[in-house]
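Residue numbers (our numbering): 1 to 221.
In structure tokens form, the structure reads like this:
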């Protein structure tokens, strides 16, 4: 029973690997929306093109869970540092999360965890004086409180942004056009609306589009 229970996470990871690397490209080529939505829990929080980061984070979490099984305390700390640094570098370079605030929060949490880990590694295997122990505890507590405050602030920011966009869209007019036949007319209409004197904000299809994930937020439901 114990062996079967230990193999369950590995089976889930293998299934996710099979879906992301083998099935997802086929579903995209066939425009199979049914299966795409059924498995969207794996990639819906990531920006387009960063779906494979779900596998990366699952593997990272699995390796972190296995770290306590290592025999030596120093080896545990080194492996944890390598895993967290690798994850921090990958997150910083790729910005995989759909919402920019989530990328900033993820990097801040990585830094906080690394600081707490440093505090632990400084006193691992050594006798610690009362003053040093108090200082390490205070520093760790400060960073833990900062991480908790960052999580709460990000949640409040997301809630406020959601409420604001429910009341008013970022653009007064959203223009979608056929690129080959109506491109010039759509741009002329955008200029006319902007110069009408009412201060209308106009979004023209792919103009001013910094991130494809913002498209459905700009378009009215």
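The C-beta atom is built at its ideal place from N, Cα and C for all residues, glycine as well. Quantities reported herein were computed from a predicted structural model and do not represent experimental measurements.
task: For the alpha helix (DSSP H) containing residue 70, list its first residue and its last residue.
output: For residue 70, there is no enclosing alpha helix (DSSP H), as DSSP gives it neither H nor E.
field: Residue range of the alpha helix (DSSP H) that includes residue 7
entry: Per DSSP, the continuous alpha helix (DSSP H) segment holding residue 7 begins and ends at 2-18.
message: Just list the residues that DSSP pairs residue 202 with in beta bridges.
response: Answer is 173.
field: Distance, residue 186 Cα to residue 56 Cα
entry: In a straight line, the C-alpha of residue 56 is about 42 Å away from that of residue 186.
- prompt: Smallest Cα separation from residue 137: which of 148, 123 and 150?
  reply: Nearest option by C-alpha distance: 123.
- prompt: Roughly how many angstroms separate the alpha carbons of residue 76 and residue 159, rounded to a whole number?
  reply: Using only the alpha carbons, I get a separation of about 38 Å.
field: beta strand (DSSP E) runs wholly inside the region 14-53, at least 3 long, in chain order
entry: None, since the region 14-53 contains no complete beta strand (DSSP E) of that length.
query: Alpha carbon to alpha carbon, how far is residue 66 from residue 184?
result: Approximately 59 Å, taken between the alpha carbons.
- prompt: What are the complete alpha helix (DSSP H) segments, minimum 4 residues, inside the region 90-176?
  reply: Listed in chain order, they are 100-122 and 130-167.
query: CA-CA distance, residue 145 and residue 188?
result: Each residue's alpha carbon lies about 53 Å from the other.
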